[in-house]
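Participant: Sharing a structure here in structure tokens format.
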Amino acid sequence: MGKMNKVLLASILSALPFTVAQSGSNILSFIKPLLGTVNGGHVFPGATLPFAMAKAVADVNGEDQGGFASDNSNITGFSHMHDSGTGGSPSLGNFPLFPQAGCSDDLLDNCVFAKDTRAIPRINGTVEAHPGYFAVSLASNIHAEMTTTNHTALYRFTFPKTPVEANATLSPLILADLSDLPNSRINGSIFVDDSTGRISGSGVFSPSFGIGSYTAHFCSDFAGAAIRDTGVFMNDRAGSEPKNLTVVQDGINNSPEILPAGAWTRFHAPGNSHNQILARVGVSFISIDQACSNAETEIPDFDFDAVHTDAQQAWTDSLDVIDVTPGQGVNSSLQTVFWSGVYRSALSPQDYTGENPLWNSTEPYYDSYYCIWDSFRSIHSLITIIDPVSQVRMMRSLVDIYRHEGWLPDCRMSLCKGFTQGGSNADIILTDTYLKIKSISDGMDWETTYAALLTDAEEEPKNWAVEGRGGLTSWKTLHYIPTDDYDPYGVGPFTRSISRTVEYAYDDFCIAEMAQALGHTADAQKYLERSNYWRNMYNPNQISTINGADTGFTGFLQPRYLNGTFGVQDPIFCSPLLNFTSCYLNPDGHETYEGSAWMYTFFVPHDQASLIATLGGPAEFVRRLDYLHESGLLYIGDEQAFQPVFQYHYAGRPAKSAERAHFYIPSQFNDTVVGIPGNDDSGAMGSFAALTMLGLFPNPGQDVYFIIPPFFESWSITNKVTGKVATVQNINFDAAYQNIYIQSATLDGKAYNKNWISHSFFLDGGVLELTLGRNESAWGTRHEDLPPSLSTSADMTGYHGDW
Ligand SMILES: *[C@@H]1O[C@H](CO)[C@@H](O)[C@H](O)[C@H]1NC(C)=O
Ligand SMILES: *[C@@H]1O[C@H](CO)[C@@H](O)[C@H](O)[C@H]1NC(C)=O
Ligand SMILES: *[C@@H]1O[C@H](CO)[C@@H](O)[C@H](O)[C@H]1NC(C)=O
Ligand SMILES: *[C@@H]1O[C@H](CO)[C@@H](O)[C@H](O)[C@H]1NC(C)=O
Ligand SMILES: *[C@@H]1O[C@H](CO)[C@@H](O)[C@H](O)[C@H]1NC(C)=O
Ligand SMILES: *[C@@H]1O[C@H](CO)[C@@H](O)[C@H](O)[C@H]1NC(C)=O
Ligand SMILES: *[C@@H]1O[C@H](CO)[C@@H](O)[C@H](O)[C@H]1NC(C)=O
Ligand SMILES: *[C@@H]1O[C@H](CO)[C@@H](O)[C@H](O)[C@H]1NC(C)=O
Ligand SMILES: *[C@@H]1O[C@H](CO)[C@@H](O)[C@H](O)[C@H]1NC(C)=O
Ligand SMILES: *[C@@H]1O[C@H](CO)[C@@H](O)[C@H](O)[C@H]1NC(C)=O
Ligand SMILES: *[C@@H]1O[C@H](CO)[C@@H](O)[C@H](O)[C@H]1NC(C)=O
Ligand SMILES: *[C@@H]1O[C@H](CO)[C@@H](O)[C@H](O)[C@H]1NC(C)=O
Numbered sequence: 001m002g003k004m005n006k007v008l009l010a011s012i013l014s015a016l017p018f019t020v021a022q023s024g025s026n027i028l029s030f031i032k033p034l035l036g037t038v039n040g041g042h043v044f045p046g047a048t049l050p051f052a053m054a055k056a057v058a059d060v061n062g063e064d065q066g067g068f069a070s071d072n073s074n075i076t077g078f079s080h081m082h083d084s085g086t087g088g089s090p091s092l093g094n095f096p097l098f099p100q101a102g103c104s105d106d107l108l109d110n111c112v113f114a115k116d117t118r119a120i121p122r123i124n125g126t127v128e129a130h131p132g133y134f135a136v137s138l139a140s141n142i143h144a145e146m147t148t149t150n151h152t153a154l155y156r157f158t159f160p161k162t163p164v165e166a167n168a169t170l171s172p173l174i175l176a177d178l179s180d181l182p183n184s185r186i187n188g189s190i191f192v193d194d195s196t197g198r199i200s201g202s203g204v205f206s207p208s209f210g211i212g213s214y215t216a217h218f219c220s221d222f223a224g225a226a227i228r229d230t231g232v233f234m235n236d237r238a239g240s241e242p243k244n245l246t247v248v249q250d251g252i253n254n255s256p257e258i259l260p261a262g263a264w265t266r267f268h269a270p271g272n273s274h275n276q277i278l279a280r281v282g283v284s285f286i287s288i289d290q291a292c293s294n295a296e297t298e299i300p301d302f303d304f305d306a307v308h309t310d311a312q313q314a315w316t317d318s319l320d321v322i323d324v325t326p327g328q329g330v331n332s333s334l335q336t337v338f339w340s341g342v343y344r345s346a347l348s349p350q351d352y353t354g355e356n357p358l359w360n361s362t363e364p365y366y367d368s369y370y371c372i373w374d375s376f377r378s379i380h381s382l383i384t385i386i387d388p389v390s391q392v393r394m395m396r397s398l399v400d401i402y403r404h405e406g407w408l409p410d411c412r413m414s415l416c417k418g419f420t421q422g423g424s425n426a427d428i429i430l431t432d433t434y435l436k437i438k439s440i441s442d443g444m445d446w447e448t449t450y451a452a453l454l455t456d457a458e459e460e461p462k463n464w465a466v467e468g469r470g471g472l473t474s475w476k477t478l479h480y481i482p483t484d485d486y487d488p489y490g491v492g493p494f495t496r497s498i499s500r501t502v503e504y505a506y507d508d509f510c511i512a513e514m515a516q517a518l519g520h521t522a523d524a525q526k527y528l529e530r531s532n533y534w535r536n537m538y539n540p541n542q543i544s545t546i547n548g549a550d551t552g553f554t555g556f557l558q559p560r561y562l563n564g565t566f567g568v569q570d571p572i573f574c575s576p577l578l579n580f581t582s583c584y585l586n587p588d589g590h591e592t593y594e595g596s597a598w599m600y601t602f603f604v605p606h607d608q609a610s611l612i613a614t615l616g617g618p619a620e621f622v623r624r625l626d627y628l629h630e631s632g633l634l635y636i637g638d639e640q641a642f643q644p645v646f647q648y649h650y651a652g653r654p655a656k657s658a659e660r661a662h663f664y665i666p667s668q669f670n671d672t673v674v675g676i677p678g679n680d681d682s683g684a685m686g687s688f689a690a691l692t693m694l695g696l697f698p699n700p701g702q703d704v705y706f707i708i709p710p711f712f713e714s715w716s717i718t719n720k721v722t723g724k725v726a727t728v729q730n731i732n733f734d735a736a737y738q739n740i741y742i743q744s745a746t747l748d749g750k751a752y753n754k755n756w757i758s759h760s761f762f763l764d765g766g767v768l769e770l771t772l773g774r775n776e777s778a779w780g781t782r783h784e785d786l787p788p789s790l791s792t793s794a795d796m797t798g799y800h801g802d803w
């Protein structure tokens, strides 16, 4: 998913002398969770653990997709579950707490309850965010801090000695609101216990980018002050009776402006010198009881500092498999971009194991695949490298979703089916996992995985907006998705005929790889054949102009009718240069999704050799790729733009991929709050930056990493399962990035001329040494040095034979 941002085509940075050595615990000092929290980044900057369900942050009434935004919007509360970097409407944010130090004149009715009424500015300069911790001071002089365990948020509110509320003495009131960020509540119930102050409840809500509804539960307990009184509120009026309420939709006051409702607990002045009250909120998708027991088990003693320390340790343990030696003079802001990118790639999918109310299973259950259309391009590749155990658990959970719901998701959040944006791209990450880490994929059921892929390829679901593929009959008989498709077999948005065709072709290629590897050779041949269908939408005669001037390139993917005739969609349409915002997932969308035919013409990840021949040979291909990058046609803030940065490798010009990498980083990826060019989409932008800076960028769905010089002098990554260490070293490294051209390379001391490497490097370890220079060299340029392509490689599957 993407939201358009200003596209800046800036030049390469010149770094200044400044360096910090890093390893182990000081990694965390380079992580800036606030990076990407304005201008469409939508990053969740709050407290959480790697891949954990609890995600606590202050919620704002501005750009609230990630809960908080680094702008001037006001804070409406503190909630416990979020998604990160998504476009569209915000996700989760259920049951926010909101603290007040006292009510004016000590009258309950003078406290504020409804979200709109209570929204309050932050005090400028008080936001503090680091892994496992978030803090901000409200204009009411309440300082709010938060940290988390896997299913529980712990808040520490420090109240002012004198409340800002008129004529109030310190008597804090904390309310819990039966709402969520998108105000999607369908119904809900809340209870407050007058003796303990415990507030618990449940609500039914809608997912942010999908269909159906989900039920969430919470349980909040307090420590630090004696209970004064308790009650509920409705529509900004509060009372001390009753102690519970249930809200349903009344048919008039429905969403998005649901009626404010919730419960509150009021305290006497805290009994501690810091004027602090701790609020512990357990969450669950199973029951209130489970929300309470999650909280009681994970945080028995309300020890904020201990939970915070454990959270930091969890992040250090998760990330210190990577060891970076930045190199003399490397700007520390680049290290911040790198480490923050790695960090954001470990926020989602979220481990909801034990919290799935939909079916009972001994398999792991992960949620917030938000969305695989985005995450297949780099997020899962990075997770596969740094945390293969979690990657395998995620893939097992995808297969379990198929077992119980009949289909793999392309997007999923909050236990609901999310919208498919193009192909059935779970096929790609499952195949990628097989090719790379099958040997360490304990518990993975590959035959069921294969059945899931075949279902995507062969059966059309009734609602292909949320699973599988549409137009399968045309796909099988006409070998493309017609613009005017006749498809009485299922419903979905009948748009994106070009982008769906090329995605289906690549998904089928990945299925062919899996078929071949599992010994289903007839299937393999069938899906290989289907992987060529991208050609059927290529119109060799189509030209492209910009403002009337010919771009000088002929031959683009174009819409095609049922009768075989080509239609026309301006090849630059849906690019930043023309009507980008007309090409989202709307019923009135167009033939390409969030990108132009210009760009989608490059999307043949499995057969670049054939594409290069089709487009006029390597030199012409490079000229066209240059044009794509330099004309403003490519928006790097949307994930389909990642691969074209590295496609020069297939034309024997790995040097140009390195130039492009430096063209985009740091000009579009930097360490400011604006620092990413589009929606982070659960870490897509972060993992793109991180993998690019490591100098090994994947072609997901194939066991291929393109080699460019890392942005640091050297790095090592320890495989969490095999214990083996992969190291890349730059010789002649310079922080000004003038030496970005590989002159020669060795792998474990032997000459290495291929411009790509496979995942065995990470599984088995090794030392890749790159000797750099100021000019493009002959390294990696010969035909036999290039990454594999279907049409030129003898053995197209498995990638373990000779290419
Ligand atoms: C690091 O780079 C940023 C821009 O990317 C620049 O503003 C800053 O001055 C540099 N800092 C140092 C210490 O070189
Ligand atoms: C934030 O609150 C302040 C003070 O109540 C108000 O002036 C301002 O308009 C609010 N801003 C937003 C974005 O709600
Ligand atoms: C915080 O700073 C912004 C400018 O960056 C200003 O517009 C806003 O009014 C300030 N808010 C407060 C509460 O001082
Ligand atoms: C949190 O969940 C992860 C799995 O996602 C698990 O490895 C870790 O042990 C859990 N932490 C605790 C404290 O239970
Ligand atoms: C406090 O209460 C008194 C009388 O009850 C009133 O006159 C005064 O305005 C109040 N102070 C404020 C700041 O509202
Ligand atoms: C709440 O909504 C769910 C889903 O629509 C429904 O099953 C349930 O009966 C509703 N509960 C109440 C109390 O209305
Ligand atoms: C409060 O809870 C009690 C016991 O569960 C129930 O009987 C009663 O109907 C509830 N009242 C409201 C207003 O929901
Ligand atoms: C899962 O098992 C529990 C305990 O046996 C049962 O209460 C629950 O209904 C089951 N859930 C589903 C979705 O089958
Ligand atoms: C094919 O169908 C399109 C769209 O209906 C139409 O414009 C075109 O004229 C048809 N071509 C032929 C050869 O019938
Ligand atoms: C392109 O965008 C312009 C406004 O920028 C709009 O008027 C026009 O209808 C759009 N065209 C299409 C085909 O969406
Ligand atoms: C930082 O990145 C953002 C988003 O790509 C970009 O708009 C901005 O110009 C960059 N800032 C600098 C100083 O390069
Ligand atoms: C590198 O190329 C430039 C021209 O781009 C040339 O002037 C220079 O001499 C070359 N340097 C080396 C070391 O070959």
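Numbering (this note's numbering), first residue to last: 1 to 803.
Backbone N, C-alpha and C define an ideal beta-carbon position, used for all residues, glycine too.
#1: Taking 6 Å as the line, does the beta carbon of residue 670 fall inside it for any heavy atom of ligand 11?
#2: Using a Cβ-Cβ cutoff of less than 8 Å, which residues in the same chain neighbour residue 404 once the five nearest sequence positions on both sides are dropped?
#3: With DSSP run on the structure shown, which of helix, strand or coil describes residue 686?
#4: Whose C-alpha, out of 542, 547, 94, 286, is nearest the C-alpha of residue 558?
#5: By the 10 Å Cβ neighbour count, where 16 or more other Cβ atoms means buried, how is residue 486 classified, buried or exposed?
#6: Tell me whether residue 730 sits in a helix, a strand or coil according to DSSP, three-state version.
#7: So, are the CB atoms of residue 154 and residue 266 less than 7 Å apart?
#8: If residue 43 and residue 344 are in contact, beta carbons under 8 Å, what's the gap, nearest whole angstrom?
#9: Beta carbon of residue 90: closer than 6 Å to some heavy atom of ligand 11?
#10: Using the DSSP secondary-structure output, state which residues sit across from residue 187 in a beta bridge.
#11: Would you report the Cα separation of residue 151 and residue 227, rounded to the nearest angstrom?
#12: Only counting runs of 4 or more residues, tell me where the alpha helix (DSSP H) segments fall wholly within the stretch 640–676, in order along the chain.
#13: Which stretch, first to last residue, makes up the beta strand (DSSP E) that contains residue 715?
#14: From the DSSP output, in three-state form, read off residue 214 for me.
#15: Would you say residue 303 touches ligand 4, meaning its beta carbon is less than 6 Å from a heavy atom?
#16: In terms of residue numbering, what span does the alpha helix (DSSP H) encompassing residue 289 cover?
#17: Quick one: what's residue 325 bridged to in DSSP?
#18: Can at least three beta-carbon pairs, one atom from the stretch 208–223 and one from the stretch 127–147, be found at a separation below 8 Å?
#19: List in chain order: all unbroken beta strand (DSSP E) runs of 3+ residues lying wholly within the stretch 80–152.
#20: Which residue from 632, 440, 373 puts its Cα closest to that of residue 428?
#21: Is the stretch 415–432 in contact with the stretch 462–470, if contact means three or more CB pairs nearer than 8 Å?
#22: Give a yes or no on whether the C-beta atoms belonging to residue 77 and residue 96 are separated by under 7 Å.
#23: Would you list the residues whose beta-carbon is nearer than 5 Å to any heavy atom of ligand 4, in the order they occur in the chain?
#24: Report the partner residues of residue 705 according to the DSSP bridge assignment.
#25: On a Cα-Cα basis, can you pick out the residue from 410, 250, 277, 273 that is closest to residue 507?
#26: Hey, which unbroken runs of the alpha helix (DSSP H) at 4 residues or more fall wholly within the stretch 511–584?
#27: Since residue 725 and residue 765 are thought to touch, with beta carbons under 8 Å apart, how far apart are those beta carbons, to the nearest angstrom?
#28: Which same chain residues end up closer than 6 Å to residue 21 when comparing Cβ atoms and leaving out the 5 residues on each side of it in sequence?
#29: Cβ of residue 579 versus every heavy atom of ligand 8: is any distance shorter than 6 Å?
#30: Can you give me the C-alpha to C-alpha distance between residue 460 and residue 532, rounded to a whole angstrom?
#31: Which residues have their C-beta within less than 6 Å of a heavy atom of ligand 6, listed in chain order?
#32: Give the straight-line distance between the Cα atoms of residue 412 and residue 470, rounded to the nearest whole angstrom.
#33: Counting only the same chain and skipping the five closest in sequence on each side, list residues whose C-beta sits under 7 Å from that of residue 776.
#34: Checking the sheet assignment: what are the DSSP bridge partners for residue 771?
#35: Does ligand 8 have a heavy atom nearer than 6 Å to the CB of residue 94?
#36: Does residue 22 come out as helix, strand or coil in the three-state DSSP assignment?
Facilitator: Answer, in terms of the structure:
#1: yes
#2: Answer for residue 404: 358, 359, 361, listed in chain order.
#3: helix
#4: 542
#5: exposed
#6: strand
#7: no
#8: Contact flag correct, Cβ pair sits at about 6 Å.
#9: Not so, every heavy atom of ligand 11 lies at least 6 Å from the Cβ.
#10: 204
#11: 25 Å
#12: 654–664
#13: Annotation for residue 715: the continuous beta strand (DSSP E) segment containing it runs 714–718.
#14: strand
#15: no
#16: 288–298
#17: 714
#18: no
#19: 97–100, 128–130, 133–137, 143–148
#20: Out of 632, 440, 373, 373 has the C-alpha closest to the C-alpha of residue 428.
#21: Touching, yes, given that three or more Cβ pairs across the two stretches are closer than 8 Å.
#22: yes
#23: 150, 351
#24: 698, 757
#25: 410
#26: The DSSP assignment places 521–530 as complete runs of the alpha helix (DSSP H) inside the stretch 511–584, in order along the chain (cut-off: 4 residues).
#27: Confirmed, Cβ separation roughly 5 Å.
#28: Model confidence at residue 21 stands at a pLDDT of 42, short of 50, so the residue's coordinates are unreliable; what they give is reported in the following sentence. Result list for residue 21: empty, nothing under 6 Å.
#29: For ligand 8, not one heavy atom lies less than 6 Å from the Cβ of residue 579.
#30: Looking at the two C-alpha atoms, the distance is approximately 20 Å.
#31: 186, 187, 204, 213, 246, 248
#32: 18 Å
#33: 655, 741
#34: 731, 744
#35: Outside the cutoff, so no.
#36: Because residue 22 sits at a pLDDT of 48, beneath the cut-off of 50, its placement in the model cannot be relied upon, and the following sentence gives the value as read from the coordinates. Residue 22 sits in coil when the DSSP states are folded into three classes, being neither helix nor strand.
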